[in-house]
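*Asks:* Numbering (the numbering used here), first residue to last: -10 to 717.
Supplied in structure tokens, the structure appears directly below.
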């Protein structure tokens, strides 16, 4: 029976981690493609996992084996009645915090299948440990099989399933695989039923014979599970904000998270975990130093190198914390209790990041905080020090904090790096004392945040479900900038002269592609209404003409508040056109516009450094064409560091038999660069080539062709793998 139990646990875990990214991708367009969607999904998955463990713990406490089997057979059949999963997009009311509508959608779409799959591993582990002939067999070997299945399911989704199958096909295939799992679960249940001589339930005598974990041990289990879970969401949020919130990006941190579980429950040599305990403080110090210095003059760090550092630090922290969890695992009599507290810590970490952190912090402060706690929970990596040093932990941390604060504060407006190096060095001196080191790191990261705000002249920060917004100025105090994470979303020059103040900058410069569109497009001569998806600071409003209507479609209410705040940006106020803002996802909001209404539609919606994928699908293009006036033009902002979106656009227009031109504007003069012009790439689409006017004969604009290696994007199929730029 060992092979059957192992295969069942393996398949259930694989299906669980296939379902998670599939549901996340399904719901992502409904909630505007925001990075926060996946964080809420992860927190929900962890909560369902906890519920499944609670159910398994309760079920194994029943004295009658037949009741355990009968109840569970009934429960595992319930999800099958609702399969395949509903894959239809459903509108969501706009709002600044759609967390709870997303939770409700997750619960009604996939809550029951997730619950059943979550309960399988601990329940079968308990049954397996009590079967006749399995005496002395470690049930935690099934946990290793569970994590191996989880890894296979997770990695197969972005690299094999997502690039080949549409969402409806994925849902049907998953339903068939779940049917196979039902058969395997039935076999395992019958084995438990038939083994009457085995004590399937955990009797009071067996519990009394084992040493019951103390309350302190359980609290440590919770803490050790809390930190990697919090770091998982933090690293994912960091990567999603700067690239794109899609399964291709989600699975990398989650795969490392699962890999750490697989390794620590595979009985690694002790020296391996000690190696990670030594590496963790080193990597965290490098990350803290980078937090200070990434904004200093000089070439920026490549995103690839930065991402690798963050992922390496996260993996080391997960190995340290999960290694301690594996070392402290209890006897099999307390297996379900152990899983419960482990899951509870994971849920607490996920909920802290997804629900509480956006309310408590105006930046991603939970990330360095979790790193500091991970270091504090680390075992003694450099050997044990005499007991007389123990009371010096807090005092040493306070001393380091005070000295570092003095050094950095005295040089806040200085471009010298030596105070930062010295502060990091004296913090590193406490690495042998984990608690003191963790406390000192909290201060060091807090100083990095203050240094960031001071050196970058940050005037305002705000954080909500959609991310962190930051308004800053420059040393000359002649420009205001709006950033989402590390991505610039617009800038405006400070001046009393409207001609200077309202000149579009960055990607929207008059001599750039979008400036040429507004200057040369024939349809604009009649001043038709213009739709702009993505508000930013309202820069495109500067191209408006008297009597013309500009309608901005914006997902984040905080962006509109900042764009209308006259202390920072005045494009909307100063525009000659009549400008209004419609809040909510553009795909859903545009449906309410009259057909054939807009002479120009501009798609300039950023999510991290990429257009949300649901705005570049076949169905999205159908919607744009439906709302576009005769001879109208659709313009796409394609500027992206990590993705070749022009290939996606080329395939879309080929499928609709449209005309398309693309311009990559990198020829910027020194004067334009000093004024604020930036490299950008734009694509223009129309029904006929004549609709482009003179731009169709401009040498800077080139026709886009179909790229066969990139499949057509639809609402049920998108994949970033073929268009990723691996050199960044």
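Glycine included, every Cβ here is placed at the ideal spot set by N, Cα and C.
Note that the coordinates shown come from a computational prediction; the quantities given were computed from them, not determined experimentally.
Counting only runs that start and end within the segment 444 to 515, where is the beta strand (DSSP E) found for 3 or more residues in a row?
*Replies:* Here the runs fully enclosed are 447 to 453, 456 to 462, 468 to 473, 476 to 482.
*Asks:* Can you tell me whether residue 581 is helix, strand or coil according to DSSP?
*Replies:* Here residue 581 sits in helix by DSSP.
*Asks:* Please state whether the Cβ-Cβ distance between residue 344 and residue 32 is less than 8 Å.
*Replies:* The answer is yes: Cβ separation under 8 Å.
*Asks:* Helix, strand or coil: how does DSSP classify residue 645 here?
*Replies:* Three-state DSSP puts residue 645 in a helix.
*Asks:* Taking the alpha-carbon of residue 43 as reference, which of 108, 712, 209, 336 has the nearest alpha-carbon?
*Replies:* Checking every option, the nearest Cα to that of residue 43 belongs to 108.
*Asks:* Quick one: residues in its chain with C-beta nearer than 8 Å to the C-beta of residue 700, no 5 flanking neighbours on either side, listed in chain order?
*Replies:* So the list reads 152, 640, 706, 708, 711, once near-sequence residues are dropped.
*Asks:* Identify, in the order they occur along the chain, each residue of the same chain with its Cβ nearer than 6 Å to the Cβ of residue 340, setting aside the five sequence neighbours on each side.
*Replies:* If we look at residue 340 and ignore the five residues flanking it on each side, its Cβ neighbours are 32.
*Asks:* Leaving aside the five residues before and after residue 46 along the sequence, list all residues of the same chain whose C-beta is less than 8 Å from its C-beta, in chain order.
*Replies:* So the list reads 111, 325, 326, 328, 329, once near-sequence residues are dropped.
*Asks:* Would DSSP call residue 565 helix, strand or coil?
*Replies:* Coil, per DSSP.
*Asks:* Pull up the distance between the alpha-carbon of residue 17 and that of residue 594, whole angstroms please.
*Replies:* The alpha-carbon atoms of residue 17 and residue 594 are separated by roughly 15 Å.
*Asks:* Residue 218 to residue 313, Cα distance in whole Å?
*Replies:* The straight-line gap from Cα to Cα measures roughly 15 Å.
*Asks:* For residue 661, is the beta carbon positioned less than 7 Å from some heavy atom of the ligand PLP?
*Replies:* The ligand content of the structure shown is nil, which means the ligand PLP is not present either.
*Asks:* Three Cβ pairs or more, each shorter than 8 Å: is that satisfied between the segment 689 to 699 and the segment 515 to 532?
*Replies:* The segment 689 to 699 vs the segment 515 to 532: no contact.
*Asks:* Can you tell which of 576, 527, 571, 572 has the C-alpha that lies nearest to the C-alpha of residue 555?
*Replies:* Among 576, 527, 571, 572, the Cα nearest to that of residue 555 belongs to 527.
*Asks:* Put residue 651 into one of helix, strand or coil per three-state DSSP.
*Replies:* If DSSP states are grouped into helix, strand and coil, residue 651 belongs with the strands.
*Asks:* To the nearest angstrom, report how far apart residue 150 and residue 105 are at their CA atoms.
*Replies:* Taking the straight line joining both Cα atoms gives about 23 Å.
*Asks:* If we count Cβ pairs, one from each stretch, closer than 8 Å, do we get three or more for the segment 95 to 104 versus the segment 68 to 75?
*Replies:* The answer is yes - the segment 68 to 75 touches the segment 95 to 104, with three or more Cβ pairs under 8 Å.
*Asks:* If we ignore side chains and look at the alpha-carbon of each, how far apart do residue 570 and residue 144 end up?
*Replies:* Each residue's Cα considered, the two are about 40 Å apart.
*Asks:* So, helix, strand or coil for residue 102, using DSSP?
*Replies:* In this structure, residue 102 counts as helix in the three-state DSSP scheme.
*Asks:* Which word fits residue 204, buried or exposed, when buried means at least 16 other C-beta atoms lie within 10 angstroms of its C-beta?
*Replies:* Under this definition residue 204 is an exposed residue.
*Asks:* With a cut-off of 8 Å on the beta carbons, I'd call residue 423 and residue 365 a contact; round off their distance for me.
*Replies:* Confirmed, Cβ separation roughly 5 Å.
*Asks:* Taking the alpha-carbon positions, what's the residue 333 to residue 202 distance?
*Replies:* For residue 333 and residue 202, the distance between alpha carbons rounds to 16 Å.
*Asks:* In angstroms, rounded to a whole number, what distance separates the CA positions of residue 473 and residue 459?
*Replies:* Taking the straight line from one Cα to the other gives about 7 Å.
*Asks:* Which residue's Cα is closest to the Cα of residue 223: 304, 622, 155, 167?
*Replies:* For residue 223, the nearest C-alpha among the options comes from 304.
*Asks:* Might you give, ordered along the chain, the residues of its own chain that have their beta carbon closer than 8 Å to the beta carbon of residue 67, omitting 5 neighbours on each side?
*Replies:* So the qualifying residues of the chain are 101, 105.
*Asks:* Tell me the DSSP secondary structure of residue 115 in three-state form.
*Replies:* Residue 115 falls in the helix class under three-state DSSP.
*Asks:* Among 448, 559, 435, which residue has its Cα nearest to the Cα of residue 484?
*Replies:* Taking only the C-alpha atoms, the option nearest residue 484 is 559.
*Asks:* Residues in its own chain within less than 6 Å of residue 356 by CB, not counting five upstream and five downstream?
*Replies:* For residue 356, where only same-chain residues beyond five positions count, the Cβ hits under 6 Å are 223.
*Asks:* Going by beta carbon distance, what residues of the same chain come within less than 6 Å of residue 38, once the five residues before and after it are set aside?
*Replies:* If we look at residue 38 and ignore the five residues flanking it on each side, its Cβ neighbours are 107, 332.
*Asks:* Go ahead and label residue 514 buried or exposed: buried means 16 or more other beta carbons lie within 10 angstroms of its beta carbon, across all protein chains shown.
*Replies:* Residue 514 comes out exposed.
*Asks:* Once you ignore the five residues that flank residue 536 on each side, which residues in its own chain have a CB closer than 7 Å to its CB?
*Replies:* Taken in chain order, the residues that qualify are 516.
*Asks:* If you run the structure through DSSP and keep just helix, strand and coil, what is residue 602?
*Replies:* Residue 602: helix per DSSP, three-state reduction.
*Asks:* Who does residue 669 pair with in a DSSP beta bridge?
*Replies:* BP columns for residue 669 point to 654.
*Asks:* Straight-line CA distance for residue 435 to residue 429?
*Replies:* Straight-line Cα distance between these residues: approximately 10 Å.
*Asks:* Helix, strand or coil for residue 620? Go by DSSP, reduced to three states.
*Replies:* Correct three-state label for residue 620: strand.
*Asks:* Can you tell which of 523, 609, 457, 8 has its C-alpha closest to the C-alpha of residue 718?
*Replies:* Outside the modelled stretch of the chain, which goes from -10 to 717, sits residue 718, for which no answer is possible.
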